[in-house]
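Here's the structure we're looking at; comments come further down.
See below:
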């Protein structure tokens with residue numbers, strides 16, 4: 216298969232990633248097990264694989280499938296999240312003869328559903344997805360549950376009474392994460408004001424820095440970022456202004472605890488690994504959506520910086536337990552005001 220040279224199609228060195236089983240789901244029809252040859256997997260990352268966030272987490276899940284499960288892996292990254300481009304890339308992966316195509320991220324929902332229908336003998340999976348079919352499953356790590364806890368933390372640590380939220384494109388997981396963060400803030404302190412923005416780009420650091428500085432000028436002293444490579448622009452602004460940030464996907468408090476007061480961890484790479492694992496073990500959940508949340512603390516949790524007071528940690532832990540025990544629900548929609556993207 217000849218990929219466009221502006222994109223990468225690689226099988227890279229191993230990276231360690233903690234394993235975590237998904238929550239039990241409904242049984243699905245068993246598919247013929249692939250035993251005569253090595254399982255071949257192709258993955259699509261609609262963004263930069265080295266973004267130190269969502270896309271890289273997915274790649275690490277693919278690497279884990281290669282090293283632990285012996286799968287032959289390839290990937291395409293650097294694709295803009297346009298439906299026509301995503302469909303073309305998915306079809307290219309199919310043409311390489313893979314057994315399973317994984318589309319990483321909910322922005323692939325529509326494209327993957329259409330391509331999967333055209334190739335019924337190939338299995339397809341969308342991580343953080345919401346689509347299913349006879350040969351299509353979705354895997355969803357419930358990042359909105361850790362985002363809700365991020366809202367609790369923001370409301371408890373703000374000194375100005377104003378907190379920010381920043382994301383890029385309006386995909387379903389990002390919208391759910393915003394709704395959850397807003398709900399966590401509101402439930403903890405209804406007097407705290409939320410500034411929320413979707414700038415249209417996950418990776419543009421100049422843009423994210425402008426949005427962050429505008430939110431800071433409007434009073435925000437804690438900002439929750441659901442960005443990919445564009446997070447660095449916010450971090451730079453936070454260092455300049457002394458503003459705290461709450462990251463997501465990975466533990467950003469381990470990277471810079473002076474800037475990051477917390478991080479809403481949601482190991483979305485687990486979905487990539489589990490899709491390969493399920494197909495290998497005759498358990499591919501075609502027609503289903505598999506989910507994992509705070510009940511699996513290795514996959515979903517809120518990390519907090521060392522300077523977070525014990526009383527705040529205790530409050531966050533109580534809310535987390537309330538979510539796991541279903542005493543507290545996590546809403547999926549937000550109907551409040553939006554913070555305009557500065558020119």
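Numbering (the numbering used here), first residue to last: 216 to 558.
Glycine included, C-beta positions come from ideal geometry on N, C-alpha and C.
Going by beta carbon distance, what residues of the same chain come within less than 8 Å of residue i, once the five residues before and after it are set aside?
| i | result |
| --- | --- |
| residue 421 | 448 |
| residue 387 | 321, 324, 343, 345 |
| residue 527 | 368, 371, 372, 519 |
| residue 272 | 464, 465, 482, 483, 484 |
| residue 551 | 397, 409, 411 |
Got a sec? Which residues, its chain only, sit under 6 Å from residue i by beta carbon, not counting five neighbours each side?
| i | result |
| --- | --- |
| residue 380 | 393, 396, 411, 439 |
| residue 366 | 396, 399, 400 |
| residue 458 | 431, 436 |
| residue 315 | 256, 338, 494 |
| residue 569 | No information on residue 569 is available, as it lies outside the stretch 216 to 558 that the chain covers here. |
| residue 385 | 413 |
| residue 317 | 258, 340, 487, 490 |
| residue 543 | 537 |
Once DSSP output is grouped into helix, strand and coil, what is the label at residue i?
| i | result |
| --- | --- |
| residue 264 | coil |
| residue 594 | What the structure shows of the chain is the stretch from 216 to 558, and residue 594 is not part of that stretch, so it cannot be assessed. |
| residue 463 | strand |
| residue 331 | helix |
| residue 339 | strand |
| residue 506 | strand |
| residue 349 | coil |
| residue 448 | helix |
| residue 523 | coil |
| residue 256 | strand |
| residue 355 | strand |
| residue 533 | helix |
Taking the beta strand (DSSP E) that residue i falls in, what are its first and last residues?
| i | result |
| --- | --- |
| residue 408 | 408-413 |
| residue 294 | Run containing residue 294: none; DSSP gives neither H nor E here. |
| residue 308 | Segment 298-310 is the alpha helix (DSSP H) holding residue 308; no beta strand (DSSP E) there. |
| residue 315 | 315-319 |
| residue 440 | 437-441 |
| residue 379 | 377-382 |
| residue 385 | Note, residue 385: premise wrong, no beta strand (DSSP E); not H, not E. |
| residue 475 | 475-481 |
Of the residues the options, which one's Cα is nearest the Cα of residue i?
| i | options | result |
| --- | --- | --- |
| residue 276 | 525, 491, 487 | 487 |
| residue 454 | 475, 517, 445 | 475 |
| residue 473 | 374, 450, 558, 354 | 450 |
| residue 405 | 272, 416, 378 | 378 |
| residue 363 | 354, 391, 351 | 391 |
| residue 417 | 280, 543, 294 | 294 |
| residue 280 | 525, 511, 484, 434 | 484 |
| residue 297 | 327, 539, 253 | 327 |
| residue 504 | 531, 354, 536 | 354 |
| residue 350 | 360, 359, 332 | 332 |
| residue 452 | 429, 469, 266 | 429 |
| residue 477 | 497, 523, 444, 501 | 523 |
Just to confirm the assignment, what range does the alpha helix (DSSP H) spanning residue i have?
| i | result |
| --- | --- |
| residue 359 | 358-372 |
| residue 516 | Residue 516 -> not in any alpha helix (DSSP H); beta strand (DSSP E) instead, spanning 515-519. |
| residue 489 | 484-495 |
| residue 276 | 269-284 |
| residue 427 | 420-432 |
Apart from the five residues just before and just after residue i, which ones in its own chain have a Cβ nearer than 7 Å to its Cβ?
| i | result |
| --- | --- |
| residue 382 | 389, 393, 413, 441, 442 |
| residue 558 | none |
| residue 426 | 381, 412, 414, 556, 557 |
| residue 538 | 360, 363, 509, 545 |
| residue 548 | 394 |
| residue 304 | 259, 291, 294 |
Between residue i and the ligand ATP, is there a pair consisting of the residue's CB and a ligand heavy atom that are separated by less than 7 Å?
| i | result |
| --- | --- |
| residue 261 | Summarising the ligand content, the structure contains no ligands, and the ligand ATP is consequently not present. |
I believe residue i touches residue j by the beta-carbon criterion, under 8 Å. Please report the beta-carbon distance rounded to the nearest angstrom.
| i | j | result |
| --- | --- | --- |
| residue 302 | residue 329 | 6 Å |
| residue 514 | residue 341 | The pair is not a contact, with the Cβ atoms about 18 Å apart (cut-off 8 Å). |
| residue 259 | residue 319 | 6 Å |
| residue 292 | residue 262 | 7 Å |
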